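Anchor point for the sequence shown: position 325 equals 314 in this note's numbering, and the numbering is continuous, going up by one each time.
Report on the structure given below.
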Amino acid sequence: MSEVRFGLIGCGVIYKTHADALAKIDGAKLVAVHDIVHEKACEAADLYHCAPAKTIQELCELSDAVIVCTPSGLHAEVGVQVAQSGRHVMVEKPIDTTRAKAQSLVDAAKLAGVKLATISQHRFSSAIQRTREAAQNGELGDLLAGDAYVKWYRTQAYYDSGDWRGTWALDGGGCLINQGIHMIDMIQWIMGGVKSVQAQVRTASHDIEVEDIAQALIEYKNGAIGLIYGSTSFYPGLAERLEVHGKHGTVILEGDRVKMWKADPVAAAEGLYGGGVMMQPTPNQHTADQNEADLVASSIDDPTSKWGEQHRLQLEDFTWAILDGREPFITGEASMEPLKIIMAIYQSAKEDGRRIYL
Ligand SMILES: NC(=O)c1ccc[n+]([C@@H]2O[C@H](COP(=O)([O-])OP(=O)(O)OC[C@H]3O[C@@H](n4cnc5c(N)ncnc54)[C@H](O)[C@@H]3O)[C@@H](O)[C@H]2O)c1
-10 MSEVRFGLIG
0 CGVIYKTHAD
10 ALAKIDGAKL
20 VAVHDIVHEK
30 ACEAADLYHC
40 APAKTIQELC
50 ELSDAVIVCT
60 PSGLHAEVGV
70 QVAQSGRHVM
80 VEKPIDTTRA
90 KAQSLVDAAK
100 LAGVKLATIS
110 QHRFSSAIQR
120 TREAAQNGEL
130 GDLLAGDAYV
140 KWYRTQAYYD
150 SGDWRGTWAL
160 DGGGCLINQG
170 IHMIDMIQWI
180 MGGVKSVQAQ
190 VRTASHDIEV
200 EDIAQALIEY
210 KNGAIGLIYG
220 STSFYPGLAE
230 RLEVHGKHGT
240 VILEGDRVKM
250 WKADPVAAAE
260 GLYGGGVMMQ
270 PTPNQHTADQ
280 NEADLVASSI
290 DDPTSKWGEQ
300 HRLQLEDFTW
310 AILDGREPFI
320 TGEASMEPLK
330 IIMAIYQSAK
340 EDGRRIYL
């Protein structure tokens, strides 16, 4: 096979990001679209010069791989049908809205021998990748804390724009599972996995079933601590922010751009400040600051921090995983991690902040 023929299910808000991305990928081609509202599929087919399929089965017959952009609580149900037809599956985030449904999709893909991935586009940001590398290779020293702040704003009109939005059944929750999930995945990936959570949530400013403010105290697998903060209530909405602290350095990212990168290279290399010794300025401070200046400057124009580009990179990786017969960068199993954390946060909040182990 020299080209992957893609089908796409669900022609709503996000599908154009996928369709535009596929048009820029060598080895990928959008050949068919399907929506439960057939007129939407016809409109999309006209726009992207592909076939409007009346059923999922018809779509699968035309495709090698299928992207699922339906409401979140249908990802597994639709994805399982695609996998059972022997087509590779890429689902939008979250993988689904419950662990059981998500696992059913992972199992179906394994049984059918097809590739499965879930969109988590920020993992393709070079600033995020660089931070994960620094956190995991000891450049920041032993990790102490990792925080993710997603203080966004959504109007009531946003929630009213689709009858699945803000519902337990199809959105699966609120500001954490729909909006916060991106940075929850980033911080858990950078820090190396979450061990336990203690949380509070509120439905504070919208007429919806699910949370629009949430906070959780996090314990990571490596013993570091942290905070996850999510909201769709805070006008006017702030850029999402990650803060990572190690014994020898701090990295702050805002909107996938480096805001601060202070790492003491001598301390990290020689363990100078280990064992609770207070941090002091070093002769190498200039080197560390220069490094920061370069990173801040380069991340301003970094194409990987721009909307659409990260989807393109993830779809390109998925395309070449299929063509080269390798695993995609983000597998179905990997995309269970943010879902497990969010489910544990909801459980903890329901039990008045009891610590929940994943
Ligand atoms: N990665 C990101 O940054 C990002 C951004 C936005 C949305 N998303 C995700 O994409 C998914 C879709 O979000 P959206 O905002 O495009 O929603 P949307 O409501 O605008 O679009 C969903 C589409 O799916 C169709 N649909 C519903 N049930 C269907 C079914 N059973 N079979 C076929 N089509 C069906 C609807 O008619 C609609 O056209 C969600 O899971 C959301 O979390 C991800």
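Beta carbons: idealized from backbone N, C-alpha and C, even for Gly.
Keep in mind that this is a model prediction, so the values were computed, not measured.
8 Å CB neighbourhood of L347 in its chain, flanking five on each side removed: Mapped onto the sequence shown, residue 347 falls at position 358. Correct list, in chain order: V183, K184, S185, V186, K329, I330 and A333.
Cα-Cα separation between L304 and A10, rounded to whole angstroms: Mapped onto the sequence shown, residue 304 falls at position 315. Mapped onto the sequence shown, residue 10 falls at position 21. If you take the alpha carbons of L304 and A10, they lie about 7 Å apart.
Inter-residue CB distance, S52 and R88 (contact presumed, cutoff 8 Å): Working through the sequence shown from its first residue, we reach residue 52 at position 63. Working through the sequence shown from its first residue, we reach residue 88 at position 99. Between R88 and S52 the Cβ distance is about 28 Å, and since that is not below 8 Å, they are no contact.
Which of helix, strand or coil DSSP assigns to D53: On the sequence shown, position 64 is the one that residue 53 refers to. Three-state DSSP puts D53 in coil, outside helix and strand.
K251 versus T308: straight-line alpha-carbon distance, rounded: Residue mapping note: residue 251 aligns to position 262 of the sequence shown, counting from 1. Residue mapping note: residue 308 aligns to position 319 of the sequence shown, counting from 1. Computed Cα separation, rounded: 37 Å.
Assigned exposure category for M267 - 16 Cβ within 10 Å defines buried: Within the sequence shown, the letter at position 278 stands for residue 267. With a pLDDT of 34 at M267, under the threshold of 50, the predicted position of this residue should be treated as unreliable, though the coordinate-derived value follows. Burial call: exposed.
Distance cut-off 7 Å: H23 Cβ against heavy atoms of ligand 1: Counted from its first residue, the sequence shown places residue 23 at position 34. Indeed, a heavy atom of ligand 1 lies less than 7 Å from the Cβ.
Nearest-angstrom Cα separation, counted from G135 out to Y262: On the sequence shown, residue 262 is found 273 positions in, with the first residue counted as 1. On the sequence shown, residue 135 is found 146 positions in, with the first residue counted as 1. The pLDDT assigned to Y262 is 44, lower than 50, so where the model puts this residue is not dependable; a value taken from the coordinates is nonetheless given after this. Their Cα atoms are separated by approximately 19 Å.
Candidates I14, C58 and E(-8), of which the one nearest D24 by Cα: The residue labelled residue 24 in the question sits at position 35 within the sequence shown. Distances from the CA of D24 to each of I14, C58 and E(-8) were compared; the closest alpha carbon is that of C58.
Secondary structure, beta strand (DSSP E): runs of 3+ residues fully inside the segment 146 to 209: Runs found: 183 to 191 and 202 to 209.
Three-state class that DSSP yields for V103 in the structure shown: Here residue 103 refers to the residue found at position 114 when the sequence shown is read from its first residue. Three-state result, V103: coil.
Helix, strand or coil at W250 [DSSP, three-state]: For this step, residue 250 is matched to residue 261 along the sequence shown. It is a strand residue.
Residue nearest to K90 in terms of C-alpha spacing, selected from V69, E81, F318 and S74: Numbered from 1 along the sequence shown, position 101 holds the residue referred to as residue 90. Comparing alpha-carbon positions, the option among V69, E81, F318 and S74 lying closest to K90 turns out to be V69.
Sequence-distant residues of the same chain with beta carbon closer than 6 Å to K140, five excluded per side: As a working note, residue 140 is residue 151 in the sequence shown. Contacts found: S220, F223 and L227.
Rounded C-alpha distance that separates I214 from A33: Against the sequence shown, residue 214 aligns to sequence position 225. Against the sequence shown, residue 33 aligns to sequence position 44. Roughly 46 Å between the two C-alpha positions.
Inter-stretch contact at 8 Å, needing at least 3 Cβ pairs: the segment 146 to 154 / the segment 229 to 240: Result no; under three Cβ-Cβ pairs closer than 8 Å.
A256 to G130 span [Cα, whole Å]: By one-based count along the sequence shown, residue 256 stands at place 267. By one-based count along the sequence shown, residue 130 stands at place 141. The straight-line gap separating the alpha-carbon atoms of A256 and G130 is approximately 8 Å.
Pairwise C-alpha distance: S337 and G16: The count along the sequence shown starts at 1 and reaches residue 16 at position 27. The count along the sequence shown starts at 1 and reaches residue 337 at position 348. CA-CA distance, G16 to S337, rounds to 45 Å.
Contact between the segment 189 to 201 and the segment 99 to 116 (3+ Cβ pairs under 8 Å): They do not touch, by the three-pair rule.
Cβ distance (whole Å) where G(-4) is taken to contact C49 below 8 Å: Here residue -4 corresponds to residue number 7 of the sequence shown, with the count starting at 1. Here residue 49 corresponds to residue number 60 of the sequence shown, with the count starting at 1. G(-4) to C49, Cβ: 7 Å. Contact.
Limits of the beta strand (DSSP E) - the one that T120 falls within: As a position in the sequence shown, residue 120 is number 131, starting the count at 1. Where T120 is concerned, there is no enclosing beta strand (DSSP E), although the alpha helix (DSSP H) it sits in stretches over S115 to Q125.
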